[in-house]
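Engineer: Can you keep this structure in mind? I'll have questions shortly.
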Amino acid sequence: MKSVTSPHSPQKKNTTVPEPDREEASRQSEAQLNAIIRASPVPMFVIDNSHRVISWNYALENSTGIDARTVLGTNLHWKAFYPSERPCLADVLLDGALEKIPELYADKWKKSEILEGAIEASDFFPHLGTGGKWFHFIAAPITDGSGAPIGAMETLEDITGLVREQQELHESEERYSALFSNNYSVSLLIDPDTGRIVEANEAAVRYYGYSHNQLTTMGIYDLNRLPNDTVVRNIRRAKDEKEKHFFSTHYRADGEKRYVEIYSGPIRVQGKLLFYSIIHDITDRKKAEAALRESEERFFQVSESAGVWIWEIDENGLYTYASPVVEKILGYAPEDLVGKKYFFDLFAPEAREDLRRASLAAFGRRETFRNFINPTIHKNGSRVILDTSGAPIVDEYGRLTGYRGTDTDITARERAEEELRESEERYRTLVDQLPDYVIVHRDGILLYVNPASAARMGYDGRALQGRSILEFIAPEYHKTVRNAIARRMAGKDVASYEMKIRAKDGTFRTVLNHGSTVMFEGRLASLNVLSDITDRKLMEEEVRSLNRVLEQRVKDRTEALSRTNEQLTAEIAARTHAEQEIVQSLREKDLLLREIHHRVKNNLQIIASLLNLQSRTINDPNVLEAIRNSQSRIRAMALVHERIYRSHSIAEINLKDYLNYLIKQIFQFCNIQQHQIRMEVTMDEIMADIDTITPLGLIINELVSNSLKHAFPKGRQGAISIECSPQDAGMLRIVYHDNGIGIPAGYDWKKTESLGLRLVNSLVDQLNGTIESGGGEGTTFILTIQQKQDPSSS
């Protein structure tokens, strides 16, 4: 490269030019050069070989703030750059003192690669501009035609902005490096072209278990063990910034598999595009999420199995979630409710507004509620009772965003509880109205006494509660009662037993105690029903007394007849022996009562037999008729006792069986054949006790006997029918009919002198009943009688 030639150097020409012309041309050339330098946008100055400034252009004036007029022709150009005198780069180059350059510019200089013999340097000038300026400057020598230096030129370039950008970039890289290295999160720099790990921070070294050198020789595919095409695809998507968030699995040095969440994005480091990836270990979160999902699945399974509907609503009450169970409970699919219905839309109309206000008020107070019972309407219009529980949902700022809760269908339970309440009420009403003594006690302490018990004992029922049951029981029964209580509360069976209870006035009543265990007010207790058998005991004593009298009479009669009838004496002796055995077994009430009925029946038959014997000695027809009628009546009564002791229950008899048997006996007694007079008894299975069946049997005996005697004269054939049906209030309706000749006209059967019909009327009155004569063919009687209380109902 040629050296710059000074405008003051003489020029060699091939043509001869006159001296004045050459000087003029030189001046013009110098003027043009100065004009170019002055107008150049590049700041520059020129010095001659005496270091005086011969050119200082406008651009340099602007950069340094030094007017050219203050420095032209002087060597004060250093003042534009330095606070004290020192050579500029052009001065050093002009003097040829290149050894001073390192001292003056340290490592901020070099020989120019563009301009031969020129020197480049950079330096900071703190007094220029605001905050100083950085200049890059080039000093080049100016030589004459022979190459001898005649001056130097220095150009300057303001690089302040570039230097500051580089400084900021350097500081940024230092900050980034510190942030990257000290980041607690696992961080990697990855080459997007190869997938190689360029850099890894200390957290990555600790996390993966590899050394730093090992990590920076590995690729990301060594960590995630994904196929290369998948890795390349993910890197490409991250490079295009289409996806910055990934989930993956990474394997540590020990082979442990970990779930990771990756945030990755492009970053330029020292001019190269890399991926900055931050890796978060989410293994515990994944396990927790899996556990939560399992828990939620179990919860939903349990909820569905238990029929629990899970719901969520917003702050206004609009459904935002409904589990599928709602369709089983209310008939609505979840999509029928979510975003379409408010919770109070489902309430029963009559309670909707009140429940809505109460619910919203609770929401306003953010109350957690449980067991909120509310009537709700099913999609099909039926009523469903729900048990609702709920809790408020709040956001991270503590604001209420809605409620979450559950509903359980308790319709069946509510109905069952209502039925139980009704049943208990019916039971209490029934117990309160029972005539028997009904008491409930626990360990002998009275908890409940029905009104009948209290009234019959002369006490107020409430006054008896809390007192010992032994206070009202005769002392000789205390041990029995204590043992019975202990056995019953231990779950053992206790047979019914007799005891005596004392009333307030000091009198005693004999009762039969039937007991069982019940739950009373949530605890086990003893329920006892005491049947008053005082009158029955008196009657039994009377029967025993009567038996003794009858036995004596039979014995006397037997002794009187023994001379004429040895066989009869033997039978009576056998009966006497049997009766003695029965007396010995009186402690067994069932056998006792059966034997009593048996004995009464036998005694009545004996009386009938005695009457039969007596009739053999009587010739008066009227007396004979009276005896035969008495025999018939005695047989009817005896038949009652026979049916009782043969019955499964000594307390009641099958009325239909009894009447059929009674009529058969009457036919035999009157020597009437069934083909001559047909007999038909029509009724359901009706059970009746002795107090009903004895007088009723006598009534039927009289009516059938009268029909057989008077309704079918001269062997006339006919039929007799009896229809019996139960009526309300324990009444029995009996229609007796024969198709015989009927009652004579004008005959007043109610005022007759006939003992039979008078007996019928009397027995009907005894049964609190009525008897009327019906019209039509033959004879019809319509009886309505009061049946005695069914023993099985007490």
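If you're matching positions, the sequence shown starts at 240 in the working numbering and goes up one per residue. Even for Gly, the Cβ is constructed at its ideal location relative to N, Cα and C. Predicted, not measured: the structure shown is a model, and the values here were computed from it.
Give the range of the beta strand (DSSP E) segment to which A379 is assigned.
Structural biologist: Start and end: 372-382.
Engineer: Have a look at T488 and L454 and give me their C-alpha separation to the nearest angstrom.
Structural biologist: Whole-angstrom Cα-Cα distance: 17 Å.
Engineer: Can you give, in chain order, each stretch of the beta strand (DSSP E) that sits fully within the segment 519-579 and has at least 3 residues?
Structural biologist: With a minimum length of 3 residues, the continuous beta strand (DSSP E) runs that stay inside the segment 519-579 are 547-553, 558-561.
Engineer: Report back the beta-carbon spacing between E656 and I624 to the nearest angstrom; my notes put them in contact at under 8 Å.
Structural biologist: About 10 Å; that fails the 8 Å criterion.
Engineer: Among residues of its own chain, excluding the 5 on either side of V1003, which ones have a beta-carbon nearer than 6 Å to its beta-carbon?
Structural biologist: So the qualifying residues of the chain are I1010.
Engineer: By a C-beta neighbour count over all protein chains shown, 10 Å radius and 16 as the cutoff for buried, is L703 buried or exposed?
Structural biologist: Per the 10 Å Cβ criterion, buried.
Engineer: Using a Cβ-Cβ cutoff of less than 7 Å, which residues in the same chain neighbour K496 once the five nearest sequence positions on both sides are dropped?
Structural biologist: Once the five neighbours on either side are set aside, the close Cβ partners of K496 are T488, Y490.
Engineer: Round the Cβ separation of N940 and L901 to the nearest angstrom and send it over; I've been treating them as touching at under 8 Å.
Structural biologist: Indeed they touch by this definition, with Cβ atoms about 7 Å apart.
Engineer: Measure the C-alpha to C-alpha separation of A764 and V688 and round it to an integer number of angstroms.
Structural biologist: Between A764 and V688, the C-alpha separation is close to 13 Å.
Engineer: Pull the bridge partners of C963 from the DSSP assignment, please.
Structural biologist: DSSP lists M922, I973 as partners of C963.
Engineer: Using the C-alpha atoms, what's the distance from L354 back to L311?
Structural biologist: Near 26 Å, if we compare the C-alpha coordinates of L354 and L311.
Engineer: Counting beta carbon pairs with one atom in the segment 372-380 and one in the segment 326-334, are three or more of them shorter than 8 Å?
Structural biologist: The segment 326-334 is in contact with the segment 372-380.
Engineer: What are the boundary residues of the alpha helix (DSSP H) that includes E891?
Structural biologist: Looking at the DSSP string, E891 is not in any alpha helix (DSSP H), and its letter there is neither H nor E.
Engineer: Which one of A439, R605, M758, L785 has the shortest CA to CA distance from D634?
Structural biologist: The residue with the shortest Cα to Cα distance from D634 is R605.
Engineer: Note down, in chain order, each residue of its chain lying with its Cβ closer than 7 Å to the Cβ of Y571, except the 5 sequence neighbours on either side.
Structural biologist: Only V565, K618 meet the Cβ criterion.
Engineer: M778 by DSSP, collapsed to three states: which one?
Structural biologist: It is helical.
Engineer: Taking all protein chains shown into account, decide if G1017 is buried (16 or more other Cβ within 10 angstroms of its Cβ) or exposed.
Structural biologist: By the 10 Å Cβ count, G1017 comes out buried.
Engineer: Do N288 and I398 have their CB atoms nearer than 8 Å?
Structural biologist: Contact: no.
Engineer: Are S770 and V750 touching if we call contact CB-CB under 8 Å?
Structural biologist: For S770 and V750, yes; Cβs fall inside 8 Å.
Engineer: What does the alpha-carbon distance come out to for the pair V292 and V402?
Structural biologist: Taking the straight line from one Cα to the other gives about 29 Å.
Engineer: Okay, do the segment 546-563 and the segment 506-521 touch, 3+ Cβ pairs below 8 Å being the bar?
Structural biologist: Counting Cβ pairs under 8 Å, fewer than three are found: no touch.
Engineer: Starting from M201, follow the alpha helix (DSSP H) in both directions and report where the run begins and ends.
Structural biologist: Because the chain here runs from 240 to 1033, residue 201 falls outside it and cannot be looked at.
Engineer: Taking the C-alpha atoms as reference points, what is the distance between W317 and S323?
Structural biologist: Rounded to the nearest angstrom, the two C-alpha atoms are 8 Å apart.
Engineer: Starting from E393, trace the alpha helix (DSSP H) both ways and give me its first and last residue.
Structural biologist: Counting along the chain, E393 falls outside any alpha helix (DSSP H), though it belongs to the beta strand (DSSP E) covering 388-397.
Engineer: Would you call the segment 680-698 and the segment 579-590 in contact, with 3 or more CB pairs under 8 Å?
Structural biologist: No, the segment 680-698 does not touch the segment 579-590.
Engineer: In the structure shown, what three-state DSSP assignment does A600 receive?
Structural biologist: A600 falls in the helix class under three-state DSSP.
Engineer: Report the rounded CA-to-CA distance for D682 versus N752, giving the unit in angstroms.
Structural biologist: Answer to the nearest angstrom: the Cα atoms are 16 Å apart.
Engineer: Could you check where the beta strand (DSSP E) with V1054 kicks off and where it finishes?
Structural biologist: Summary: the structure shown does not reach residue 1054, with the chain confined to residues 240 through 1033, and so no result is reported for it.
Engineer: Excluding the five sequence neighbours on either side, which residues of its own chain have a C-beta within less than 7 Å of the C-beta of A360, listed in chain order?
Structural biologist: These residues qualify, in order along the chain: L328, Y344, K347, W348, F376.
Engineer: Which two residues bound the contiguous alpha helix (DSSP H) that contains V677?
Structural biologist: Taken as a continuous stretch (DSSP letters only), V677 belongs to no alpha helix (DSSP H), being part of the beta strand (DSSP E) at 676-681.
Engineer: Taking the CB atoms as reference points, tell me whether E919 and S960 lie closer together than 8 Å.
Structural biologist: Yes, Cβ-Cβ distance for E919 and S960 is below 8 Å.
Engineer: Given this structure, state the Cα-to-Cα distance separating S1038 from N1007, to the nearest angstrom.
Structural biologist: Residue 1038 lies beyond the range of the chain shown here (240 to 1033); nothing can be said about it.
Engineer: Less than 8 Å between C-beta atoms, sequence neighbours within five positions excluded: which residues of the same chain meet that for I925?
Structural biologist: Cβ neighbours of I925 beyond the five flanking positions: N893, L894, K895, C963, P965, L971.
Engineer: Going by C-alpha to C-alpha distance, which of A391, V757, E710, A725 sits closest to A742?
Structural biologist: Comparing Cα-Cα distances from A742 to each of A391, V757, E710, A725, the minimum goes to E710.
Engineer: When the Cα atoms are used, what is the spatial distance from A597 to N613?
Structural biologist: Roughly 11 Å between the two C-alpha positions.
Engineer: How would you write the range of the alpha helix (DSSP H) that V444 sits in, first residue to last?
Structural biologist: Here the alpha helix (DSSP H) through V444 covers 441-447.
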